[in-house]
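Under the working numbering, think of the first position of the sequence shown as 1303, with each following residue one higher. Worksheet: one structure, shown below.
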Amino acid sequence: MKKKLESELISIAHRILKLKGKEDVKRMHAEAALLYEKLSVLKFAQENYEEETPTIGHDTSFFESIDQVFNNKISDNIEVEDKVYINLDDVEHDDIMEPAIEKIKDIVAQMPHEAQEVDVILETTKKPDHYKIHHEDIAKEFQEMPIFEPVSKNVNEKKSLNDKLKSGG
1303 MKKKLESELI
1313 SIAHRILKLK
1323 GKEDVKRMHA
1333 EAALLYEKLS
1343 VLKFAQENYE
1353 EETPTIGHDT
1363 SFFESIDQVF
1373 NNKISDNIEV
1383 EDKVYINLDD
1393 VEHDDIMEPA
1403 IEKIKDIVAQ
1413 MPHEAQEVDV
1423 ILETTKKPDH
1433 YKIHHEDIAK
1443 EFQEMPIFEP
1453 VSKNVNEKKS
1463 LNDKLKSGG
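Below, the structure written as structure tokens:
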């Protein structure tokens, strides 16, 4: 563990030395934080595990280990307290699948009969009449125009300055 931490510290130091300029300040800050973290772990390991340094696990990723666990097929039987557990990974699931497939086929076979019954019910129900509204139906009361009395104009009305200028005199 100590050697691995030391090699990681050296690689972080090299990455920090390669960074130059103001644009790399954020990256340099992140690398310095990582450097501080690794140094803290190394210090803790040296203070608490002087005789025995713990080992760091393999470099396999989390997803690879999960994949290995789920895809691992055990071929042996396991015996625990007078009970024998048999591996069922290789057993086909046809016994379970056949009844389910048959049930689905039965449901699909019954569907056209039900659809025909629904069609018969829909045909027997009274369809609402769709009314077409014509303009003549709405306006039949207004066929004759009302007669209005003419309004008499007041001859003695004074013209405004704007009216005089518009008419030209």
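Every residue, glycine too, gets a C-beta built ideally from N, C-alpha and C. Nothing here was measured: the structure is a model prediction, and the numbers come from that model.
On the criterion of 16 or more Cβ atoms from any shown chain inside 10 Å, does GLU1419 qualify as buried, or is it exposed?
exposed
Give the single residue among LEU1424, LEU1307, LEU1467 and ILE1318 whose Cα lies nearest to the Cα of GLU1339.
LEU1307
Between the Cα of LYS1305 and those of ILE1318, LEU1344 and LEU1319, spot the shortest distance and give me the residue it belongs to.
LEU1344
Can you tell me which of the three DSSP states ILE1423 falls into?
helix
Drop a sphere of 10 angstroms on the beta-carbon of GLU1481, count the other beta-carbons inside from all chains shown, and report buried for 16 or more, exposed for fewer.
Absent from the model: residue 1481. The displayed extent of the chain is 1303 to 1471, so no value can be given.
Quick check on GLU1416: buried or exposed, where buried means 16 or more other Cβ atoms within 10 Å of its Cβ?
exposed
Assuming ASP1330 and LEU1336 form a contact by the criterion Cβ under 8 angstroms, report the distance between their Cβ atoms to the nearest whole angstrom.
At residue 1330 the sequence reads Met, which differs from the Asp that was named. The Cβ separation is near 11 angstroms, so there is no contact.
For a test of the three-state rule: what should DSSP assign to TYR1338, helix, strand or coil?
helix
What does the alpha-carbon distance come out to for the pair LEU1341 and LEU1311?
7 angstroms
Pull up the distance between the alpha-carbon of PHE1444 and that of GLU1438, whole angstroms please.
9 angstroms
Quick check on the burial criterion: 16 or more other C-beta atoms within 10 angstroms. Buried or exposed for GLU1459?
exposed
Among the residues of its own chain, which have a CB less than 7 angstroms from the CB of ARG1317, if the five just before and after it don't count?
GLU1333
Rounded separation between ILE1423 and ILE1409 - CA only
21 angstroms
Does VAL1453 come out as helix, strand or coil in the three-state DSSP assignment?
coil
Rounded straight-line distance, which links the Cα of LYS1461 to that of LYS1455:
13 angstroms
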